[in-house]
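Engineer:
Protein chains: 2
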Amino acid sequence: MTAANSGTTEVYIDFLCPYAWRGVELAAVLRAEGEPFTLRHFSLTQGNHPENAGKDAPVWWLTDQPLGEGDRFQQASLSAFLAAQAAARQGEEAAWAFTLALFRAYHERRQPLEEATFAGAAQEAGLDMERWSADCRDESGLRVSLRADLTEAAEIGVFGTPTFVLPDGSAAYYRFENLTRDVTEARRWWTLYGEVLHSGAGIATIKRARKRPALRT
Amino acid sequence: MTAANSGTTEVYIDFLCPYAWRGVELAAVLRAEGEPFTLRHFSLTQGNHPENAGKDAPVWWLTDQPLGEGDRFQQASLSAFLAAQAAARQGEEAAWAFTLALFRAYHERRQPLEEATFAGAAQEAGLDMERWSADCRDESGLRVSLRADLTEAAEIGVFGTPTFVLPDGSAAYYRFENLTRDVTEARRWWTLYGEVLHSGAGIATIKRARKRPALRT
Numbered sequence: 001m002t003a004a005n006s007g008t009t010e011v012y013i014d015f016l017c018p019y020a021w022r023g024v025e026l027a028a029v030l031r032a033e034g035e036p037f038t039l040r041h042f043s044l045t046q047g048n049h050p051e052n053a054g055k056d057a058p059v060w061w062l063t064d065q066p067l068g069e070g071d072r073f074q075q076a077s078l079s080a081f082l083a084a085q086a087a088a089r090q091g092e093e094a095a096w097a098f099t100l101a102l103f104r105a106y107h108e109r110r111q112p113l114e115e116a117t118f119a120g121a122a123q124e125a126g127l128d129m130e131r132w133s134a135d136c137r138d139e140s141g142l143r144v145s146l147r148a149d150l151t152e153a154a155e156i157g158v159f160g161t162p163t164f165v166l167p168d169g170s171a172a173y174y175r176f177e178n179l180t181r182d183v184t185e186a187r188r189w190w191t192l193y194g195e196v197l198h199s200g201a202g203i204a205t206i207k208r209a210r211k212r213p214a215l216r217t
Numbered sequence: 218m219t220a221a222n223s224g225t226t227e228v229y230i231d232f233l234c235p236y237a238w239r240g241v242e243l244a245a246v247l248r249a250e251g252e253p254f255t256l257r258h259f260s261l262t263q264g265n266h267p268e269n270a271g272k273d274a275p276v277w278w279l280t281d282q283p284l285g286e287g288d289r290f291q292q293a294s295l296s297a298f299l300a301a302q303a304a305a306r307q308g309e310e311a312a313w314a315f316t317l318a319l320f321r322a323y324h325e326r327r328q329p330l331e332e333a334t335f336a337g338a339a340q341e342a343g344l345d346m347e348r349w350s351a352d353c354r355d356e357s358g359l360r361v362s363l364r365a366d367l368t369e370a371a372e373i374g375v376f377g378t379p380t381f382v383l384p385d386g387s388a389a390y391y392r393f394e395n396l397t398r399d400v401t402e403a404r405r406w407w408t409l410y411g412e413v414l415h416s417g418a419g420i421a422t423i424k425r426a427r428k429r430p431a432l433r434t
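Residue numbers (the working numbering), protein chains in the order written: chain A, 1 to 217; chain B, 218 to 434.
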């Protein structure tokens, strides 16, 4: 199940995150060209939860929370993850089609992360709707598979989305502002990421500074 | 005084930081090949100070602190900055020679950041020792020039060292684990940094995940 064994690049996502959306669009372009990517779930709500701050391992898990509890981001992301886990039971292609459809619905068309949007994404993705609805009702089973993703993410040290885990196990958060569906551009952005991770410099971080107002001191 | 005007790359450093040391070694290699770099000071103690957390502009400034106050990192870094500001009064070459000598003394030879080490670095850098000693006694003047660096750093949004500010104003924290004094390698690592900052993706962050112990859940 780990990337180092599977020959695929894993991409950790949270539906809440516009950077994850752009990462998934990038991966989808390359995937269409035959490059293997696998979807994984990481919860930003869990990652940023105060009870998990400074802890070596999470003590607060999204998968332990009832659906109707927590703030709207927690509720939206948990239900979106479960809907996506249900979609994934119809296979890899179904998982990708659903994930792209849901990201676009939320980040492009500004639809809320709720049941009607999930159903729309499932329809758009061409899922077997009856099967998907039935799978959605297996909440405890879906929580088990979501928990497996969250556990792997914690072990890898994922802290934001998208995080790409390369087949050799190198993993980094890759945050970029622009969306591409162009193969040449996607390939260039992806190659650059690999070059950073594999550079002999041993690059740990490249993080842009954010300008602040001029000071008078 | 800003990088966008000067045609040089500014590198923000704190003597405490081993990553800043490697960044300065990299810059020194490229500088010897004719690429213009300028040294600037950013204080990690100030940047991480609890009183500055979440603030748009710093309220706690290293330059407002007496030399003998605060923890040993605060004291060491303030006195090192002032010694370097004094060295810089003997010109750009003197500033570089002193800075490299002091970084190597502290990070390579594990000498403490204190007066004897500063004097050793000044000697090694070939400074006019009498002039340097006299300049070191102009503490209030040195604090003014240090404050100018810290102010620019705050405006740029520097949060760690080394941060490189390119002539076009792009700025990012560039953290890497390995030391190079090889021109070809240095050029490769430096080119990669520029490619990340100038990529059409609009890259904000590439940050490696740090593995955590395996979980049993």
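We put the beta carbon where it would ideally sit given N, CA and C, even for glycine.
Note that this is a predicted model, so its numbers are computed, not measured.
1) Indicate the three-state DSSP secondary structure (helix, strand or coil) for B:Val228 in the structure shown.
2) Where DSSP assigns a beta bridge to A:Ala32, which residues make up the other side?
3) Give me the chain A residues within the contact set of B:Val413, using Cβ-Cβ distance strictly less than 7 Å, ordered along the chain.
4) Within a Cβ cutoff of 6 Å, which residues of the same chain sit near A:Arg175, ignoring the five residues on either side of it in sequence?
5) Looking at C-alpha atoms only, which residue of A:Arg110, A:Pro66 and A:Ala27 is the closest neighbour of A:Glu218?
6) Shorter than 8 Å from the beta carbon of A:Leu78 to some beta carbon of chain B?
7) Sorted by chain position, which residues of the same chain lie with C-beta nearer than 6 Å to A:Phe118's C-beta, five sequence neighbours on each side aside?
8) Kindly confirm or deny that the segment 266 to 279 of chain B and the segment 238 to 255 of chain B touch, where touching means at least three C-beta pairs closer than 8 Å.
9) Can you give the beta carbon distance from A:Tyr173 to B:Lys272, rounded, assuming they're within the 8 Å contact cut?
10) Below 6 Å CB to CB, which residues in the same chain sit around B:Ala297 once its five sequence neighbours on both sides are set aside?
11) Would you kindly work out how many angstroms separate the C-alpha atoms of A:Ala87 and A:Trp132, rounded to a whole number?
12) What does A:Gly47 reach in chain B if we use C-beta pairs closer than 7 Å?
13) Which residue's Cα is closest to the Cα of B:Ala244: B:Gly377, B:Leu367 and B:Glu402?
14) Could you tell me the boundaries of the alpha helix (DSSP H) in which B:Tyr410 lies?
15) Between B:Ile373 and A:Lys211, is the Cβ-Cβ spacing less than 8 Å?
16) Are the CB atoms of B:Leu359 and B:Trp313 nearer to each other than 8 Å?
17) Is any beta-carbon of chain B found at less than 8 Å from that of A:Arg109?
18) How many Å lie between B:Leu261 and B:Thr316 at the Cα?
19) Restricting to Cα atoms, I'd like to know which of B:Ser362, B:Gly343 and B:Asp385 is closest to B:Asp281.
Structural biologist: Short version:
1) strand
2) In the DSSP output, where bridge partners are listed per residue, A:Ala32 has none listed.
3) Leu192, Val196 and Ile206
4) Tyr19
5) There is no way to answer for residue 218 of chain A, as the model of chain A reaches only from 1 to 217.
6) no
7) Ala83
8) no
9) Incorrect: roughly 25 Å between the Cβ atoms, too far for contact.
10) Phe232 and Leu330
11) 6 Å
12) The premise fails here: A:Gly47 is roughly 11 Å from chain B at the closest Cβ pair, so nothing lies under 7 Å.
13) B:Glu402
14) Val400 to His415
15) yes
16) no
17) no
18) 17 Å
19) B:Ser362
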